[in-house]
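In this text, residue positions in the sequence shown follow my numbering: the first is 171, and each later residue adds one. Working notes for the structure below.
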Amino acid sequence: MSTVGEAVASCLEKLQVAAAFGVVSIHNMPILDAIHRRGRIRFVPARGEAGAASMADACARVSGGLGVAITSTGTAAGNAAGGMVEALAAGTPLLHLTGQIDSPYLDRDLGFLHEARDQLGMLKAVSKAAFRLQSAEETYDVLDWALKAALTPPAGPVSVEIPIDVQQAPAPSRAFDFVAPGIATQSVDELAERLRGARRPLLWLGGGARHAGEAVRKLLELGFGAVTSVQGRGVVPEDHPRCLGAFALGCEDFFATCDALLVAGSRLRSNETLAYRLKLPRPLYRIDAEESRADHPYKADLFITGDSRAALEALAQRLSGLSIDPAFPGDLAAARKAAEAQARAALGPYTALVDELQRLAGRDFTWVRDVTISNSTWGNRLLRIHGPRDGVHALGGGIGLGLPMAIGASIGAAKRTLCLVGDGGLQLSLGELATLVQENAGVVLILMNDRGYGVIRNIWDAQYGGRRAYADLHTPDFAALCRSMNLPHHRVQHAREFQSVLQEAFAQRGPVLVEVDMTSVGPYVSAFAGPPVRKAAA
């Protein structure tokens, strides 16, 4: 290894990183030069660091591996902050490698080019952990600390800043020997004993259980039902007869008939629990890597600290011969059917869009969604997915992440990727359309264009007496924009066109944009005005 930059590239190869995302700069060129010369890692040049972080996040989510984003220092590192916050919310293992100015000038506030005051402090605020590599000799130690922090459950994004002179310094002579971290799991004997008497037991599966599909399957065969968070979608294929999908908010009456709930790997987020007032079955048991979840936001009757897969596998081995209520499977199926029917009733003319997407996509696709009215209305629940890593969405609620996430997901999963975006969110990352075309990513981009922030309009109407401000946007001519980038474009102006336009789009190879003119197609039956909440009892 001639330099630290070369050593970093070699370490990423040993970790079997297949792709990294970023923007080239004078303060990260030693690393990128090594990646380019060695030719073992695909580097995707994003048009901005915000997009690069989101691409790395989605790539990690769909592949189950480590995401890697490489940025420059100062403003460039700050540009990645939004993507890092999203990765932190989603628990994505992501390594953010950022440059830094020359060591002799660090932390002296001299106005050095690309300098940011207390960059490390900024990165700590948006990362699970942040480190500075201060000398070549500590290269492998710092990388080891950073990787263990990123990969130890609950996983998260970790930043490492490397001054440019350190990147250029001779690499240490010793080898890099990384051992992936594990997590201890408490005994489930008491949990098994408590569940043996349950006749209508239900699993709530979150993103922390995405690797536990086989154990979940065994529990379903024993008689459990399952509901998922939005992040946990696909842990159980959503056409499984014992799966409620992510329809928790539509199944509260059914929950009242269940006699035990086991939550595995979920934070029970506010927007999926009526701000923590959704009535969940009792007794409520939890399995989670974070011990602090025992009392928040729902107090657990029994809490198991550890890995969801290990705990659920051990539980399945201990439970047999459960006396399940014969009516339970039918009641669960009826609850799912009713929740789906309620969601479909709100679609109006967009029923044809959902049905045709499902027919054309089949079972093997990745479903990426930005924060839009359409995602809240149907994208998060109605379009069925079938694998635990087939769904990617902006968990933290920030708009503008859909397109870069779709690029990362397409590269990480190497299969057809569908992406749902709104015109407001897409305008935050328009530059990444060039990345989409340059990388020839297999993405069908579904653009729901209502010429503004639709959900903000609805909130103005619902909460401010119809006064509206700042929600209407001047939007590009997307057809002309796509022509300028050599990106195939199709427009839908009436519901009867969904079938023919989508068929034509799906027949094309490489990226394609389908623009749905919502002002022409028409509104949804019900106006979505933000996540539903339930007021506290007086």
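C-beta atoms are modelled at their ideal positions from N, C-alpha and C, and glycine is treated no differently.
**Prompt:** Among the residues of its own chain, which have a CB less than 6 Å from the CB of arginine 539, if the five just before and after it don't count?
**Reply:** Counting only Cβ-Cβ distances below 6 Å, and skipping sequence neighbours, we find Asn545, Gly549, His563, Leu590.
- [ ] Report the partner residues of leucine 617 according to the DSSP bridge assignment.
- [x] In the DSSP output, where bridge partners are listed per residue, leucine 617 has Val591, Glu685.
| field | Beta-carbon gap between arginine 370 and cysteine 428 smaller than 8 Å | value | Going by C-beta atoms, arginine 370 is nearer than 8 Å to cysteine 428.
Worksheet entry | For glycine 420, three-class secondary structure by DSSP | Glycine 420 falls in the helix class under three-state DSSP.
*Under the three-state DSSP convention, the category glutamate 331 falls into*: Strand at glutamate 331.
*Close-in-space but distant-in-sequence residues of the same chain around serine 273 (CB under 6 Å, 5 per side omitted)*: Same-chain partners within the cutoff: Pro333, Asp335.
Practice item. Check the DSSP bridge columns for threonine 475 and list the partner residues they point to. Key: Bridge pairing for threonine 475: Asp458 [DSSP].
message = Quick check on this structure: which residue in Gln337, Gly244, Gly252, Ala222 has the alpha carbon closest to the alpha carbon of glycine 198?
response = Here residue 198 turns out to be asparagine, not glycine, going by the sequence shown. It is Gln337.
Is it buried or exposed, leucine 565, if we count other Cβ atoms within 10 angstroms and call 16 or more buried? Classification of leucine 565: buried, given that the 10 Å Cβ count is 16 or more.
Closer than 6 Å by C-beta to alanine 484: which residues in its own chain qualify, once you throw out the five before and the five after it? Chain order, please.
If the five residues before and after alanine 484 are omitted, its C-beta is found closer than 6 Å to the C-beta atoms of Val358, all from its own chain and listed in chain order.
If we ignore side chains and look at the alpha-carbon of each, how far apart do arginine 653 and glutamate 442 end up?
-> Distance between the alpha carbons of arginine 653 and glutamate 442 is about 40 Å.
(request) State the DSSP-derived secondary structure class of histidine 644, mapped to helix, strand or coil. (result) Looking at histidine 644 - three-state DSSP - the assignment turns out to be coil, as it is neither helix nor strand.
I need the DSSP call for histidine 197, collapsed to helix, strand or coil. Histidine 197 sits in coil when the DSSP states are folded into three classes, being neither helix nor strand.
| Looking at the unbroken beta strand (DSSP E) that takes in valine 562, where does it start and where does it end? | Under the DSSP assignment, valine 562 falls in the beta strand (DSSP E) whose first and last residues are 561-563.
**Study point:** Option nearest glutamate 307 by Cα separation, candidates Ala319, Glu602, Pro340
**Key:** Taking only the C-alpha atoms, the option nearest glutamate 307 is Pro340.
Note to self: Between the alpha carbons of glutamine 608 and leucine 683, how many angstroms are there, rounded?
What the structure shows: Roughly 15 Å separates the two Cα atoms.
**OP:** Kindly list the residues whose CB is nearer than 6 Å to the CB of glycine 235, restricted to its own chain and excluding five residues on each side of it in sequence; keep chain order.
**Re:** For glycine 235, where only same-chain residues beyond five positions count, there are no Cβ hits under 6 Å.
> If we ignore side chains and look at the alpha-carbon of each, how far apart do glycine 612 and threonine 587 end up?
Replying inline: Looking at the two C-alpha atoms, the distance is approximately 6 Å.
task = Taking alanine 179 as part of the alpha helix (DSSP H), name the residues at either end of that continuous run.
result = Taken as a continuous stretch (DSSP letters only), the alpha helix (DSSP H) holding alanine 179 covers 174-184.
Span of the beta strand (DSSP E) around leucine 267: 264-270 is the span of the beta strand (DSSP E), which, as asked, contains leucine 267.
Q. For the putative contact between valine 238 and valine 194, defined by C-beta atoms under 8 Å, what is the C-beta separation to the nearest angstrom?
A. So it is not a contact: roughly 14 Å between Cβ atoms.
On the premise that arginine 302 lies in contact with glutamate 256, defined as a C-beta separation below 8 Å, what is that separation, rounded to the nearest angstrom? The C-beta separation of glutamate 256 from arginine 302 comes to about 23 Å, leaving the pair out of contact by the 8 Å criterion.
Practice prompt. On a CA-only basis, which of Asp279, Leu290, Glu285, Ala223 is nearest threonine 262? Give me that one, please.
Written response: Per the Cα distances, Ala223.
Exercise. Could you tell me whether the Cβ atoms of histidine 659 and phenylalanine 676 are closer together than 8 Å?
Key: At least 8 Å separates the beta-carbon of histidine 659 from that of phenylalanine 676.
| task | With tryptophan 630 as the anchor, note down where its alpha helix (DSSP H) starts and where it stops. | result | Taken as a continuous stretch (DSSP letters only), the alpha helix (DSSP H) holding tryptophan 630 covers 624-633.
Practice task
Taking lysine 585 as the reference, give the member of Ala576, Asp593, Gly209 with the closest Cα.
Solution key: For the residues Ala576, Asp593, Gly209, the minimum Cα distance to lysine 585 belongs to Ala576.
- Query: Straight-line CA distance for alanine 708 to glutamine 673?
  - Reply: With a pLDDT of only 49 at alanine 708, under the threshold of 50, the placement of this residue in the model should not be trusted; the figure read from the coordinates follows. The alpha-carbon separation between alanine 708 and glutamine 673 amounts to approximately 53 Å.
Under the three-state DSSP convention, the category threonine 322 falls into | Looking at threonine 322 - three-state DSSP - the assignment turns out to be coil, as it is neither helix nor strand.
Original post:
DSSP on valine 524, reduced to helix/strand/coil?
Top reply: Helix.
Inset, instruction - Return the first residue and the last residue of the beta strand (DSSP E) that arginine 514 is part of. - result: Element bounds for arginine 514: not the beta strand (DSSP E) but the alpha helix (DSSP H), 498-515.
* Asked: Hey, alanine 320 and isoleucine 240 are a contact pair by Cβ (cut 8 Å); roughly how many whole angstroms apart?
  -> Going by Cβ atoms, the distance from alanine 320 to isoleucine 240 rounds to 15 Å, so no, they are not a contact pair.
Problem - Buried or exposed (CB count within 10 angstroms, at least 16 for buried), serine 172 - result: By the beta-carbon neighbour count (other beta carbons within 10 angstroms, threshold 16), serine 172 is exposed.
query: How is the beta strand (DSSP E) around proline 215 delimited, first residue to last?
result: Residues 212-215.
Notebook entry, point to check: Is it true that the CB of leucine 448 sits closer than 8 Å to the CB of alanine 418?
Noted result: Against a cut-off of 8 Å, the Cβ pair of leucine 448 and alanine 418 comes out as a contact.
Does the stretch 486-502 come into contact with the stretch 631-640, if we say contact requires no fewer than three beta-carbon pairs (one atom in each stretch) closer than 8 Å? The stretch 486-502, when compared against the stretch 631-640, does not touch it at the 8 Å Cβ threshold.
Check: Among residues of its own chain, excluding the 5 on either side of glycine 582, which ones have a beta-carbon nearer than 6 Å to its beta-carbon?
Finding: Only residues of its own chain outside the window of five on either side were considered, and among them Cys229, Val232, Ser233 have a CB closer than 6 Å to the CB of glycine 582, listed in chain order.
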